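Peer 1: As given, the protein sequences belong to chains D and B, one line each in that order.
Going by this note's numbering, the first residue of the first sequence is number 134, and it counts up by one from there.
Going by this note's numbering, the first residue of the second sequence is number 134, and it counts up by one from there.
Sharing a structure here in C-alpha cells format.
Protein chains: 2
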Amino acid sequence: MATIKDVAHRAGVGVSTASRVIRNKGYASEEVRKRVEQAVADLEYLPNLLARSMRGAPTKTIGLLIYDIVNPFFANLATGVEDMAHAHGFNVVICSSHPWNSREREKSYMQMLIERKIDGLVLQHVFSSEEYASLLERRNLPAVRILNPQPGYPYDLVRCDTRQGTIDLIRHLIGLGHQRIAALGPPMPSFQGADRLAGYQEALQSAGVEVDRSLILLEGWRTRDGYNMTHRLLKETRPDAIFAFGPRIAAGAACALREAQVRVPEEVALVCVDDFGLGSELHPFMTVVRQPEHEMGQQVTQLLIDRILGTYIGPPREVVLPARMVVRQSCGSKRKESEQAQSQPQENSHEQRWDDD
Amino acid sequence: MATIKDVAHRAGVGVSTASRVIRNKGYASEEVRKRVEQAVADLEYLPNLLARSMRGAPTKTIGLLIYDIVNPFFANLATGVEDMAHAHGFNVVICSSHPWNSREREKSYMQMLIERKIDGLVLQHVFSSEEYASLLERRNLPAVRILNPQPGYPYDLVRCDTRQGTIDLIRHLIGLGHQRIAALGPPMPSFQGADRLAGYQEALQSAGVEVDRSLILLEGWRTRDGYNMTHRLLKETRPDAIFAFGPRIAAGAACALREAQVRVPEEVALVCVDDFGLGSELHPFMTVVRQPEHEMGQQVTQLLIDRILGTYIGPPREVVLPARMVVRQSCGSKRKESEQAQSQPQENSHEQRWDDD
DNA sequence: TGCTATTCTGGCAACGTTACCACAAAAAAT
DNA sequence: ATTTTTTGTGGTAACGTTGCCAGAATAGCA
C-alpha cells in the first residue's frame, strides 16, 4: 500500500509535486514528470480515494438502492444505471435491500451509503420512515427516484406509464373476446398496484364491460400469493382471462392453473406486467406489457448526474416513459391461431430481443 | 453534515469524549453520555466512514465482482453473498463488469474497489491481466474466488462440481434412450466449459457411446451463439438430444429448433446447466442441472470473512458443492409420459421452489 | 543591468476520525 | 495519612491527500 509519500520519495521530489503530476494539474517539468510516472508504475501506486474525498473531492460514486436484484426488472434497471453512470465516469454501488421490505437492510444501506460519502442516490424504495428524507436533505445529497414518487418530497422521478400499458393489455384481451377478466395484485396502499388497478378498471369501463369486484383479488406480489389467489379464484368462478400485476404473480397463477388442469391459453388467457428475463428468451409465451427498464435506469441516472454536477437546478422533473406490449401466445389470440405454423411473427425479431453482448 | 466536533461542542465536551461515547468504548460518565447522545440525535450525526478508515479501521465492506447481474445465476449468487455478509455486519458492493468480458469495466471496478479501501473481495472473473493479482497481493487485500481458480494464484475457492452434474445429466439422457447427444458450449480455453465438456465425454464413454466430434460445437455462451450453433447443427444432422452448457445457449437453441419446426421433447431432447430464474417458476419445462448459487455465495463469503478477521490462516481451501439435477419435461422422460396427468411429481414441491419472501 | 512574468518546486494546514498520552478527580487499598 | 488503582476528561498527532502559499529558478522585456 504505497502512498503518495513513497512515490515522491522514490522520484526524489516533494509530495506536492508528485500530487501535481499524478493529477496532471499545475506545473511540472518534463524531467520530473517522467520520474514521478516511473515511480507510480514501479510501486503500483493507486491514490487513496478516501483521503481524496476527505479533502472534499467528489467520490464519483452513486448508490442504487432497490428491493431485489434477483428480479430481472431490477437487474435490467441496474445495468441501465451502470451504463449511464460509466459514461459519465461514475461508479455504481448496488444495494439490494432484498426481497419484500426488509426494513433493517434498507436502513443499514442508507446509512452505509451516506457514511461512505457517495455523490448521489437512485432510490426505488418508498421510505419506510421519513427520517431518511431528512437525512438526505441535511447533507443536501442529491437523490432521484425511480418508479414511485416519495410522498411529500419533491425528487426527480422517472416512471413508466403502466396505467396506459395496462389499458393496452386489457383492451387487447377484450379485443380477443374476453369479458370476465380477473385481476391479481398486491394489497392496496401501493403505487404500482394502484396504477395497474386503475388501468384495469378504466379499460373495462371504456369498453362497456362491467367491473366485477369478485374478480379482483389483492393479496401480494409474490409467487405464493399468485398461486393462492388463483386457487381461490377458481374455486368460485371461471374467468376468461387473468391479468397479473407482476411476473411472480403470473408464475404462481400459471402453477395453480396447471394444478387445476385449466389450460392456457385454450381455457383461460394469462397476461401480466413485466417480463421473465431469460425465461422469455427460452420460451416466449406470456403476453406482457414491458416497462423499458434499461432506459429507465439510464434516464434516471442522467437526471441524477445533472443534479450532482449542477447542470440542472430547478424544480423536480418527472419523466414518464411508455410501456410496450409484447404479444405472445398466452391469450390465444386469433392471429396466433391463424398463423400457428409460422414462428411467432408477432414477436419482435430475435435480433432485437437478444442484447447479450 | 455535522461532524464529531459539532457534536462535542453541542454536548459541551471534548472531541475525544464524544468519540468515546459514540463508539461506546472507554470511560464516560452517565451524565456526559446522555448529553452526547442527545447531541447526536439532534444533529442526525453519522460518522464519516472515510475518516474512520483513514485511521486504519476496517471499512466493513466487501466487494463482489461478477460478469453479469442480469443472469439469474449471478443474481442468486449475489444475494447469497449479501446474506452472509450481513450476518457478519458487512456490507456488499456489487460490481457487474457487464456482459461478456468488458475489460475496461473490470479494470475500472478493480481500481475503484481498491481505492475505496474495501476489506475483501469476492472474485468471479478470471483476471484478464496478471497485474490485478499483484495489485491485491501488494496491499495484502484478502480475496476469494467463486467458480474458477485463478491460475497461478492460490485463493480460497468455492466451486460446483459441474463435471459430475453434467455426467448425471447425460446419463439421464442416455437412460432415456438418447444416443446422439450434441454439446453446445463456448470456445475452449474455458474453465466452466472444460468441466462440462469433460463430463459430457466421460458420461458417453462410460456408457459405451462413441463421442462424435461433429456433434460438439464450441462457439460461445450467448443466446445468439446457441441459436447459430443449433442451426448449423441441424443443417448437417439430426441429434437425439442437445446438451447446452448454459441457459442462454439453451434459449438460443430452443429458438432455432422452433424455427426449424423440430419439437422439444418429442423429436429432440434439450437440457442445460443452470436455471432460468423467474422463467422456471412460470413454466418449469427445461430439465437442468442447477448449481447451488445461493449457498455458493454464502460459503465463499464465509471463507472471505475468515480471512479478513484472521479466523483462518493457512493454505488455500477449496469447497466443492454438488450440482443438483432438476428433471422436468424437456427430455420427454418415460416417467413424465406415464405420469403426464399429474402435476409434475418429479419437480420439487413449489413450497421449496418459491423462496421469494 | 535591472525589473516583472512565468515556470517550477516543496512546506504546511486542513479534511474527520481515533489512538495515545497526560492529567485530574474520585475510590480503594495500604 | 499516604499511596495505588480506577474512573473520567480533553489535547494532540497521526492517517493520505490536496489547496494554498512562499520561494527559487528561469525567461522575457525594458
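We treat Cβ as the ideally placed atom computed from N, Cα and C, and that holds for glycine.
From a predicted model like this one, the values you see are computed outputs, not experimental measurements.
With 8 Å as the threshold, decide whether the Cβ of Pro205 of chain D is near any Cβ in chain B.
Peer 2: Cβ-Cβ to chain B under 8 Å: yes for Pro205 of chain D.
Peer 1: Quick check: the region 285–297 of chain D against the region 197–211 of chain D, are there 3 or more CB pairs under 8 Å?
Peer 2: The region 285–297 of chain D vs the region 197–211 of chain D: no contact.
Peer 1: Who does Val225 of chain B pair with in a DSSP beta bridge?
Peer 2: For Val225 of chain B, which the question treats as bridged, DSSP gives the partners B:Ile195.
Peer 1: Can you give the Cα-Cα distance for Ala172 of chain D and Arg357 of chain B, rounded to whole angstroms?
Peer 2: Answer to the nearest angstrom: the Cα atoms are 46 Å apart.
Peer 1: Can you pull the chain B residues whose beta carbon is under 9 Å from the beta carbon of Leu198 of chain D, in chain order?
Peer 2: Residues of chain B passing the Cβ test: none, with the nearest at roughly 12 Å.
Peer 1: Given that His258 of chain B touches chain D, what residues does it touch there, using C-beta distances under 9 Å?
Peer 2: Within chain D, no residue comes near His258 of chain B; the closest Cβ sits about 16 Å away, beyond 9 Å.
Peer 1: To the nearest angstrom, how far is the alpha carbon of Leu390 of chain D from that of Glu369 of chain D?
Peer 2: Leu390 of chain D and Glu369 of chain D: Cα-Cα distance of roughly 14 Å.
Peer 1: On the DSSP bridge assignment, give the partners of Asp289 of chain D in chain order.
Peer 2: Beta-bridge pairing links Asp289 of chain D to D:Val277.
Peer 1: Determine the DSSP secondary structure at Asp373 of chain D, reduced to helix, strand or coil.
Peer 2: DSSP places Asp373 of chain D in coil when its eight states are reduced to three.
Peer 1: Under 8 Å by Cβ, that's how I've got Ala384 of chain D and Glu414 of chain B pegged, so tell me the actual separation to the nearest angstrom.
Peer 2: Contact holds; Cβ gap of about 4 Å.
Peer 1: Starting from the C-beta of Ser152 of chain B, find all residues in its chain whose C-beta is less than 7 Å away, skip the five residues before and the five after it, and write them out in chain order.
Peer 2: The answer, listed in chain order, is Ile137.
Peer 1: Could you give the first and the last residue of the continuous alpha helix (DSSP H) run that contains Pro180 of chain D?
Peer 2: Note, Pro180 of chain D: premise wrong, no alpha helix (DSSP H); not H, not E.
Peer 1: Count the other CB atoms, across all protein chains shown, that sit within 10 Å of the CB of Ser267 of chain D; report buried if there are 16 or more and exposed otherwise.
Peer 2: Exposed, by the Cβ-count rule.
Peer 1: Between the C-alpha atoms of Arg238 of chain B and Gln297 of chain D, what's the straight-line distance to the nearest angstrom?
Peer 2: So the alpha carbons of these two residues sit roughly 37 Å apart.
Peer 1: Would you say Val452 of chain D and Ile279 of chain D are within 8 Å of each other, going by their C-beta atoms?
Peer 2: Cβ distance not < 8 Å, so Val452 of chain D and Ile279 of chain D don't count as in contact.
Peer 1: Could you check whether the Cβ of Val226 of chain B sits closer than 8 Å to any Cβ belonging to chain D?
Peer 2: Yes - at least one Cβ of chain D is within 8 Å of the one on Val226 of chain B.
Peer 1: Who are Pro400 of chain D's beta bridge partners in DSSP?
Peer 2: Position check: residue 400 of chain D holds Glu in this sequence, whereas Pro was assumed. BP columns for Glu400 of chain D are empty, so no partner.
Peer 1: Would the beta-carbon of Ile307 of chain B fall within 8 Å of that of Ala340 of chain B?
Peer 2: Yes, the pair counts as a contact, with Cβ atoms nearer than the cut-off.
Peer 1: Does the region 186–205 of chain B come close enough to the region 218–230 of chain B to have 3 or more Cβ pairs within less than 8 Å?
Peer 2: In short, these stretches touch, since the Cβ pair count reaches three.
Peer 1: For Pro175 of chain D, which of helix, strand or coil comes out of DSSP?
Peer 2: Note that residue 175 of chain D corresponds to Asp in the displayed sequence, not to Pro. Asp175 of chain D falls in the helix class under three-state DSSP.
Peer 1: Would you please verify whether the beta carbon of Ser186 of chain B is less than 8 Å from any beta carbon of chain D?
Peer 2: Judged by the 8 Å Cβ criterion, Ser186 of chain B is in contact with chain D.
Peer 1: In the DSSP assignment, the alpha helix (DSSP H) including Ala389 of chain B goes from what residue to what residue?
Peer 2: First-last of the alpha helix (DSSP H) with Ala389 of chain B: 380–392.
Peer 1: Thr136 of chain B CB to nearest chain D CB: under 8 Å?
Peer 2: Not one chain D Cβ lies under 8 Å of Thr136 of chain B.
Peer 1: Output yes or no for whether 8 Å exceeds the beta carbon distance between Leu366 of chain B and Leu351 of chain B.
Peer 2: No.
Peer 1: Assuming Ser230 of chain B and Tyr265 of chain B make a contact with CB atoms under 8 Å, what is their CB distance in whole Å?
Peer 2: Not a contact, Cβ separation roughly 12 Å.
Peer 1: Output yes if chain D places a C-beta closer than 8 Å to the C-beta of Ser476 of chain B; else output no.
Peer 2: Interpretation of Ser476 of chain B is limited by its pLDDT of 39, a score under 50 that renders its predicted location unreliable; the figure taken from the coordinates is listed afterwards. Cβ-Cβ to chain D under 8 Å: yes for Ser476 of chain B.
Peer 1: Are Arg440 of chain B and Pro275 of chain B closer than 8 Å when you measure CB to CB?
Peer 2: Yes, Cβ-Cβ distance for Arg440 of chain B and Pro275 of chain B is below 8 Å.
Peer 1: Mind listing the chain B neighbours of Met419 of chain D? Cutoff is C-beta to C-beta under 7 Å, in chain order.
Peer 2: Correct list: Leu415.
Peer 1: Measure the C-alpha to C-alpha separation of Val140 of chain D and Tyr242 of chain B and round it to an integer number of angstroms.
Peer 2: Straight-line Cα distance between these residues: approximately 23 Å.
Peer 1: Could one say the Cβ of Arg468 of chain D lies closer than 8 Å to chain B's Cβ atoms, at least one of them?
Peer 2: Confidence at Arg468 of chain D is low in this model, with a pLDDT of 46, below 50, so its placement is unreliable and the value that follows should be read with caution. With 8 Å as the cut-off, Arg468 of chain D does not count as an interface residue toward chain B.
Peer 1: Taking Glu248 of chain B as the query, report the chain D residues whose CB atoms sit under 9 Å from its CB, ordered along the chain.
Peer 2: Going along chain D in sequence order, the residues near Glu248 of chain B (Cβ under 9 Å) are Leu179, Pro180, Asn181, Leu182, Leu183, Arg185.
Peer 1: What does DSSP give as the partner residues of Glu451 of chain D in its beta bridges?
Peer 2: According to DSSP, which records beta bridges pairwise, Glu451 of chain D is partnered with D:Leu290.
Peer 1: Just the C-alpha distance for Glu170 of chain D and Leu454 of chain B, rounded to the nearest angstrom, thanks.
Peer 2: Cα to Cα, the separation comes out at about 46 Å.
Peer 1: Shortest alpha-carbon distance to Ala377 of chain B belongs to which of B:Pro425, B:Pro417, B:Asp328, B:His416?
Peer 2: Nearest C-alpha to Ala377 of chain B: B:Asp328.
Peer 1: With a threshold of 8 Å between beta carbons, is Leu454 of chain D in contact with chain B?
Peer 2: Leu454 of chain D does not count as touching chain B.
Peer 1: Excluding five sequence neighbours on each side, which residues of the same chain lie with their C-beta closer than 6 Å to the C-beta of Val154 of chain B?
Peer 2: Around Val154 of chain B: Ala161, Arg166, Val169.
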